[in-house]
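J.: For the sequence shown, the positions run 553 to 853 when my numbering is used.
All residues carry an ideal CB built from backbone N, CA and C; glycine is no exception.
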Amino acid sequence: TQPCQLRLCGHWEVRSPWSQCSVRCGRGQRSRQVRCVGSNGDEVNERECASGPPRPPSREACDMGPCTTAWFHSDWNSKCSAECGTGIQRRSVVCLGSGESRGAGQEEAGAGSTEQSCAPGSRPPDMRACSLGPCEMTWCWYTGPWAECSSECGSGTQRRDIICVSKLGMEFNVTSPSNCSHLPRPPALQPCQGQDCSDRWFSTPWSPCSRSCQGGIQTREVQCLTANQTLSVRCPPHLRPSRKRPCNSQPCSQRPDDQCKDSSPHCPLVVQARLCVYPYYTATCCRSCAHVLERSPPEPA
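#1: What did DSSP end up calling residue 634 once you bin it into helix, strand or coil?
#2: Residues in the same chain with beta-carbon distance under 7 Å from residue 611, minus the five sequence neighbours each way, listed in chain order, please.
#3: I believe residue 567 touches residue 586 by the beta-carbon criterion, under 8 Å. Please report the beta-carbon distance rounded to the nearest angstrom.
#4: The alpha helix (DSSP H) that contains residue 690, what's its start and end?
#5: Using DSSP bridges, identify the partner residues of residue 567.
#6: Under 6 Å Cβ to Cβ from residue 701, same chain only, skipping five residues before and after it: list those, please.
#7: Please report the distance separating the alpha-carbon of residue 647 from that of residue 634.
#8: Considering Cα atoms alone, identify which of 692, 687, 690 and 643 is closest to residue 676.
#9: Distance, Cα to Cα, residue 833 vs residue 757?
#10: With a cut-off of 8 Å on the beta carbons, I'd call residue 752 and residue 777 a contact; round off their distance for me.
#11: Looking at the unbroken alpha helix (DSSP H) that takes in residue 820, where does it start and where does it end?
#12: Give every residue of the same chain whose Cβ lies closer than 6 Å to the Cβ of residue 694, excluding the five residues on either side of it in the sequence, and list them in chain order.
#13: So, for residue 815: in the same chain, excluding its five sequence neighbours on each side, which residues have a beta-carbon less than 7 Å away from its beta-carbon?
#14: Please report the straight-line C-alpha distance between residue 655 and residue 616, rounded to a whole angstrom.
#15: On the three-state DSSP scale, how would you describe residue 572?
#16: Identify, in the order they occur along the chain, each residue of the same chain with its Cβ nearer than 6 Å to the Cβ of residue 779, setting aside the five sequence neighbours on each side.
#17: Quick one: is residue 785 buried, meaning 16 or more other Cβ sit within 10 Å of its Cβ, or exposed?
#18: Output the boundary residues of the beta strand (DSSP E) element that contains residue 908.
#19: Within 10 angstroms of its Cβ, does residue 800 collect 16 or more other Cβ (buried), or is it exposed?
Quick look at the structure:
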């Protein structure tokens with residue numbers, strides 16, 4: 553005889569109990585750990601267990617009973633849609649299944665069930681009427697937006713529209729301001745501040761034209777003023793408005809026609825006072841002024 557070394561024999565060992573079924577309803581699967589171990593209890597290659605008893609199953613089917621669906625709803629919304637009178641309260645209503653999928657590829661009713669899965673006739677309502685009592689008419693002032701500041705620079709004022717509005721439920725109507733007389737009226741005017749004022753050019757209106765025809769001149773005064781309306785020399789020269797401009801450039805008629813007559817006995821005085829430059833006297837003393845304008849040279853530009 554001589555000593556010999558026999559190979560360690562392996563055997564199958566169940567290392568864990570069955571897991572929960574992969575579904576909560578319907579047919580699914582459950583699993584457990586099965587390992588090949590040697591005589592010392594260590595895990596060995598599964599080939600070491602090939603000559604022994606068959607391997608115990610590590611996965612099997614399970615049946616959790618038929619799946620069912622039902623309607624679920626939340627609590628009613630605590631807020632009524634109307635502040636007074638009849639309104640609506642809402643709540644959420646969903647169709648849910650009795651199970652929830654635990655494994656890929658399993659089909660059952662769950663949170664994603666469609667409403668066709670539940671009996672439509674038993675669906676709970678998702679809205680109902682609500683009332684916070686009858687509506688009473690109230691009044692309030694409505695304020696419009698503020699307009700632009702009245703001054704481009706410095707201090708000015710802003711205005712806005714103030715109207716009295718009646719409210720009955722959700723209906724609003726413009727009404728007489730007397731209905732809101734018991735309420736404090738918002739201000740319709742407020743001070744505003746424009747940009748910082750700089751010295752600017754100011755001018756007077758244009759004077760009457762120096763001639764009624766054949767070219768005259770209009771003049772005006774131009775001054776540089778500060779924000780306090782005092783004289784200044786700091787205005788931009790290139791922005792200074794012109795002091796003269798031409799006017800009445802149409803030619804004068806050579807001979808007064810039959811319609812051009814003097815309608816006042818004082819026309820000689822009008823001519824002497826050089827008042828023919830004014831439209832009123834030109835019309836009143838048409839013939840006398842026409843002769844004067846024919847003899848007068850054109851005004852220099």
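T.: Looking at the coordinates:
#1: Along the sequence shown, one-based indexing puts residue 634 at 82. Residue state, collapsed to three classes: coil.
#2: Here residue 611 is taken as the residue at index 59 of the sequence shown, counted from 1. Cβ neighbours of residue 611 beyond the five flanking positions: 581 and 583.
#3: On the sequence shown, residue 567 is found 15 positions in, with the first residue counted as 1. On the sequence shown, residue 586 is found 34 positions in, with the first residue counted as 1. Yes, residue 567 and residue 586 are in contact; Cβ-Cβ is about 7 Å, under 8 Å.
#4: Along the sequence shown, one-based indexing puts residue 690 at 138. Run containing residue 690: none in the alpha helix (DSSP H); it sits in the beta strand (DSSP E), 690-695.
#5: For the purposes of this step, residue 567 is taken as residue 15 along the sequence shown, with counting starting at 1. Note: residue 567 sits in no beta bridge, so no partner.
#6: For the purposes of this step, residue 701 is identified with residue 149 of the sequence shown, where counting begins at 1. The answer, listed in chain order, is 708, 710, 744 and 746.
#7: The residue you call residue 647 lines up with position 95 of the sequence shown. The residue you call residue 634 lines up with position 82 of the sequence shown. Cα to Cα, residue 647 sits roughly 29 Å from residue 634.
#8: What you label residue 676 is simply residue 124 of the sequence shown in a count that begins at 1. With distances taken between Cα atoms, residue 676 lies closest to 643.
#9: The residue you call residue 833 lines up with position 281 of the sequence shown. The residue you call residue 757 lines up with position 205 of the sequence shown. Roughly 21 Å separates the two Cα atoms.
#10: The residue labelled residue 752 in the question sits at position 200 within the sequence shown. The residue labelled residue 777 in the question sits at position 225 within the sequence shown. 7 Å between Cβ atoms; contact.
#11: On the sequence shown, position 268 is the one that residue 820 refers to. Residues 819-824.
#12: Within the sequence shown, numbered from 1, the residue matching residue 694 stands at position 142. Here the set comprises 715 and 717.
#13: Taking the sequence shown and counting its residues from 1, one reaches residue 815 at position 263. These residues qualify, in order along the chain: 836.
#14: Translated into the one-based positions of the sequence shown, residue 655 becomes position 103. Translated into the one-based positions of the sequence shown, residue 616 becomes position 64. Per-residue confidence for residue 655 stands at a pLDDT of 40, beneath the threshold of 50, marking its modelled position as unreliable; the derived number appears in the next sentence. About 14 Å.
#15: Position 20 of the sequence shown, counted from the start, is the residue given in the question as residue 572. Correct three-state label for residue 572: coil.
#16: Counted from its first residue, the sequence shown places residue 779 at position 227. Closer than 6 Å at the Cβ level, and outside the excluded window around residue 779, lie 706 and 749.
#17: Residue 785 sits at position 233 when you count from the first residue of the sequence shown. It counts as exposed.
#18: Nothing about residue 908 can be reported from this structure: the residues present for the chain run from 553 to 853 only.
#19: Position 248 of the sequence shown holds residue 800. That one is buried.
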